[in-house]
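Worksheet: one structure, shown below.
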Amino acid sequence: MRMATGQLLLFATALAASIGWSSATESSKVPEGGTQYPHFIAMNETMTCVEDKHSTPFNTQVRGVNLGGWMVLEPWITPSLFYQFLGRTNESEIGMDTYTFCQVLGPKEANRQLRRHWETWVTEEIIEKLANSGINSLRLPVGDYMYKPYGPYVDGCFDGALDYVDTLLDWAYSYGLSVLIDIHTMKDSQNGFDNSGQSMGFQWTTALNREYTQDHTFEHWPIRDARWIGTFDQETASYSSINYDNIRHSLEVIERIVDRYKTHPTVQGIEPVNEPWQYTPIEVLKRFYWEGYLIVKKNAPYWKYVMHDSFRLDASVWGGFMAGCPERALDTHIYQAWKDPDSRIGFFKDACNNKQAILNLEREFGPVIVGEWSLATDNCAMWLNGFNDNLPGFPRSPCKYIPCSPPYMGEGYQPGTPIDPTMPMQGPYGTGMSGPSFGMCPVGRDWIKEKNPLTGRDWVEAPPKAPSHYDDTDSVMTLLAYKKISAYSGVGHGFYFWNFRTDVDEPHWSYLLALEKGWIPQGSFNDPKIQNACRSEDEMAYTCQVKRDMPDNSLLKAVKYILEQKNGTETDLEKSVVDMTGKELSDAANDMIMEFFDKNKLSGVTCDFGGVAMLLEENRTVTDDDFVDWDVAYFGTVTNVSGPTWWELAGIITFGILVGSALGFILGMRFNKGFNHYFQKTAIGRRITQSNNVGLKKTLSITALDEAFDFDDVDYEDDQVKYGSIEDSPLLRRR
């Protein structure tokens, strides 16, 4: 639904009054309609900023993981919590998301199970392991219900959750990790997924299927709904009205989160809403983002403010939005799990091609973070699309099955665990199929070795589980991981992998398991292999250069930042730049920024420098001195797993016969004297005997006959020898 600008401004004015900030000017220098904040002036009508002081430039990339499934339940991440609902006969006793988990179990039992879950899903040992792996940040999904309870959360289902979050923040701080607080859920759901806290658009269809089965059935995906932002019309895929009460509720949640954590040193910032779906009215969403930003900047001026792109990774949508506003970034989620099946080459190219879209948004909007990504190239992970459900048409390929994991919270704590290995798939059943069967759970497919990895299509007919000698999963996943990290960190402001762990062994979705398998590098990401991983797909180089017409004071801040980072290693010429002005300063600063970025981008330095620099493509010839194209080396050494053709097989057999015959002949000549003597009587034998080929005669044990013939071996009988009369002997004839 399109709303008039006047309506939006009226909405903004009402919200401004409700959250307690005023547009009254605090200085004569503030433009009309502007509001002074600690580090900038906010222009409410245009949702832009002026006079940005660049107090906290976004100069370091985030390289982190998500702590998903902890404070917002997702059945596919922690199925052990939801096994208890399989096979239940009462529809009112089946939980499928956070909302119904609390609703069905009741506050007391739900809280008992959740406390054990909170204690075991995220531990200090895990945080330490993640910190040692080389990441620098955590994205923490939280529920809005934790800060402003409603519905089934009012009576204490999530009591104690905030205490666990406080502990987590202290752990992160002690191990040097920043935390981005991500408000993952919205009242009445922002997208209809279970990750919003409530699967909206749900209907039991059990009665309609009684003639076929006695099991419970339901429908969700074809009638999915999202009512946070307003009333959704499924026929037009648009909103007929806007729910300002829900929006106000969400803004109050932001305010409470800021008030609670604004002094905690590890909190890097906030994401006001996760994955509002693509049907959300964009102008309403932008206004919500703007209002939330002002709440944050009023009380936590140094926090980053990260906004999801609403599944619209498009510079024409976000270009110019909140222009000039400090510490804001756009979050995009890039997954390959929902793509059509493809070859490894297709997935490699797709991963690297995202670099261009990120670059475009970096230019037109500003900092871009890939807030969620994984290594999954299929939709096989159990319950990925909902509890005992699946998207129509998914998964697109047969899935591998492995034994379901034991409960992560320990034996004897969680109802419904371990999964019963004697039971087939149990209800309730959605419109798609996914679930445990006889103790086995579906997981991602293996990759097999191709006859020709560049053009082959063996993967089309490959079984889900590759025989060990055909399994190429480790190589493919390692290459894919390096290419994705290269694309997401090469031109953007970093990434967060989804997820840090999974209940079922799914290394495509588990950062910790991917580390164990060696798919993701352990320790520093400062690896030339990462920088060069996309060379085969993208020959473009990127350089960081100063924007035109930058004021001297902004350039000097960037120069001083570089000098501080060099910490005594700067040259005298670089030191003198702080005394320059005008074009001389601009040129010198440009050289320093280009050189500093090029040398330190692998360590996480971004092309920001207080807003004075930007990334530009640079077409240049790449030589062997520039990089090691390591994936080409991989493709050049892939094992050929094809069988021989008929003519190759015939050649092998013929060669074997010839070699076997030659070997048998040589052995006969060396160890059978009778055969040796007989052969020397033949025409070929006489020619070899009389030849000068010493090597051949030695191999065949042939020497001069007068030396070779031993009269003690002659069997005289009636003046005859074994091979005829004495007179016929070639030895006597030679004499």
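According to mature numbering (1 follows the signal peptide of the UniProt record, and there is no 0), the stretch in the sequence shown is residues -24 to -1, 1 to 711, in order. We treat Cβ as the ideally placed atom computed from N, Cα and C, and that holds for glycine.
Worksheet item: Is the stretch 139 to 147 touching the stretch 160 to 169 in the sense that three or more CB pairs, one from each, lie closer than 8 Å?
Response: The stretch 139 to 147 and the stretch 160 to 169 do not touch, with fewer than three beta-carbon pairs separated by less than 8 Å.
Item to complete: Consult DSSP for Lys376 and reduce its assignment to one of helix, strand or coil.
Response: Note: Lys376 maps to strand in three-state DSSP.
Discussion item. Suppose contacts are defined by Cβ-Cβ distances below 8 Å. Is Tyr472 in contact with Gly342 by that definition?
Written reply: No. Outside cutoff.
Worksheet item: Taking the C-alpha atoms as reference points, what is the distance between Thr182 and Arg64?
Response: Cα-Cα distance, rounded: 13 Å.
Practice prompt. Work out the CA separation of Ser451 and Glu437 for me, nearest whole Å.
Written response: Approximately 19 Å, taken between the alpha carbons.
Practice prompt. Along the alpha helix (DSSP H) that carries Glu27, what are the first and last residues, could you check?
Written response: Neither: Glu27 is in no alpha helix (DSSP H) and is coded neither H nor E.
Item to complete: Could you check what DSSP says for Ile159 in three-state terms: helix, strand or coil?
Response: Strand.
Fill in: Beta-carbon gap between Pro248 and Tyr237 smaller than 8 Å
Cβ distance not < 8 Å, so Pro248 and Tyr237 don't count as in contact.
Fill in: For Asp365, three-class secondary structure by DSSP
Residue state, collapsed to three classes: coil.
Fill in: Entirely enclosed alpha helix (DSSP H) segments - the stretch 298 to 371, minimum 4 residues
For secondary structure counted as the alpha helix (DSSP H) over 4 or more consecutive residues, the stretch 298 to 371 holds these complete runs in sequence order: 320 to 340.
Practice prompt. Report buried or exposed for Asn648, applying the criterion of at least 16 other Cβ atoms within 10 angstroms of its Cβ.
Written response: Exposed: under 16 other Cβ atoms inside 10 Å.
Item to complete: Report yes if the CB atom of Glu251 is closer than 8 Å to the CB atom of His196, and no otherwise.
Response: With respect to the 8 Å criterion, Glu251 and His196 are not classified as neighbours on the basis of their beta carbons.
Fill in: Reduced DSSP category for Val130 - H, G, I as helix; E, B as strand; rest coil
Residue state for Val130 is assigned as coil, using DSSP reduced to three classes.
Fill in: Beta-carbon gap between Pro245 and Lys274 smaller than 8 Å
The sequence shown places Gly at residue 245, not Pro. It is not a contact, given that the beta carbons lie outside the stated cut-off.
Fill in: Leu634, buried or exposed, once every other Cβ within 10 Å from all chains shown has been counted against 16
In summary, Leu634 is exposed, with fewer than 16 beta-carbon neighbours lying within 10 Å of its beta-carbon over all protein chains present.
Discussion item. Under 8 Å: do the stretch 358 to 377 and the stretch 490 to 505 share three or more Cβ pairs, one atom per stretch?
Written reply: Because the criterion of three Cβ pairs below 8 Å is not met, the stretch 358 to 377 and the stretch 490 to 505 do not touch.
Item to complete: Evaluate the contact criterion for the stretch 459 to 471 versus the stretch 369 to 380: three or more CB pairs, one atom per stretch, below 8 Å.
Response: Touching, no, given that fewer than three Cβ pairs across the two stretches are closer than 8 Å.
Worksheet item: In the DSSP assignment, what residue or residues form a beta bridge with His284?
Response: Beta-bridge pairing links His284 to Asp307.
Item to complete: Could you check if Ser530 is buried or exposed, using at least 16 other CB atoms within 10 Å of its CB as the buried criterion?
Response: With 16 or more other CB atoms across the displayed protein chains lying within 10 angstroms of its CB, Ser530 is buried.
Worksheet item: Can you check whether the CB of Gly132 is closer than 8 Å to the CB of Pro83?
Response: In contact: Pro83 and Gly132 (Cβ atoms closer than 8 Å).
Discussion item. Judging by CA-CA distance, which residue of Thr36, Thr353 and Ile205 is the nearest neighbour of Trp253?
Written reply: Looking at Thr36, Thr353 and Ile205, the one whose alpha-carbon comes closest to that of Trp253 is Ile205.
Item to complete: Please confirm whether Lys344 and Ala305 have their CB atoms less than 8 Å apart.
Response: In the sequence under discussion, the amino acid at residue 344 is Val, which differs from the Lys named in the question. Yes.
Worksheet entry | Span separating the alpha-carbon of Cys301 from that of Gly268 | Straight-line Cα distance between these residues: approximately 13 Å.
Practice prompt. Within its chain, find whatever has a CB closer than 6 Å to the CB of Asp285; leave out the 5 residues flanking it on each side and keep chain order.
Written response: The residues are Leu306 and Thr308.
Practice prompt. Kindly list the residues whose CB is nearer than 7 Å to the CB of Cys78, restricted to its own chain and excluding five residues on each side of it in sequence; keep chain order.
Written response: Taken in chain order, the residues that qualify are Ala86, Pro128, Tyr129 and Cys133.
Discussion item. Can you look up Arg236 in the DSSP assignment and give me helix, strand or coil?
Written reply: Here Arg236 sits in helix by DSSP.
Fill in: Where Val670 falls, given that 16 or more other Cβ within 10 Å makes a residue buried
Val670 comes out exposed.
Worksheet item: Cβ of Lys262 within 8 Å of Cβ of Gly466?
Response: Result no, Cβ atoms of Lys262 and Gly466 do not sit closer than 8 Å.
Practice prompt. Please name the residue, chosen from Pro394, Pro483, Asp164 and Leu114, that lies closest to Ala148 on a Cα-to-Cα basis.
Written response: Taking each of Pro394, Pro483, Asp164 and Leu114 in turn and checking the Cα distance to Ala148, the smallest one comes out for Leu114.
Item to complete: Could you check which residue in Asp235, Asn475 and Leu625 has the C-alpha nearest to that of Ile102?
Response: Comparing Cα-Cα distances from Ile102 to each of Asp235, Asn475 and Leu625, the minimum goes to Asn475.
Worksheet item: Which ranges does the alpha helix (DSSP H) cover as unbroken runs of at least 4 residues, wholly within the stretch 96 to 142, from first to last along the chain?
Response: For the stretch 96 to 142, whole alpha helix (DSSP H) runs of length 4 or above, ordered along the chain, are 100 to 108.
Practice prompt. Assign Gly71 to one of three DSSP states: helix, strand, or coil.
Written response: Residue state, collapsed to three classes: coil.
Item to complete: With DSSP as the reference, please indicate the residues paired to Asp555 in a beta bridge.
Response: Its beta-bridge partners do not exist; DSSP assigns none.
Item to complete: Give the DSSP-derived three-state secondary structure of Pro198 in the structure shown.
Response: Assignment of Pro198 by DSSP, reduced to helix, strand and coil, places it in the helix class.
Worksheet item: On the three-pair Cβ rule with 8 Å, is the stretch 322 to 339 touching the stretch 457 to 466?
Response: The answer is yes - the stretch 457 to 466 touches the stretch 322 to 339, with three or more Cβ pairs under 8 Å.
Worksheet entry | Lys559, buried or exposed, once every other Cβ within 10 Å from all chains shown has been counted against 16 | With fewer than 16 other Cβ atoms within 10 Å, it is exposed.
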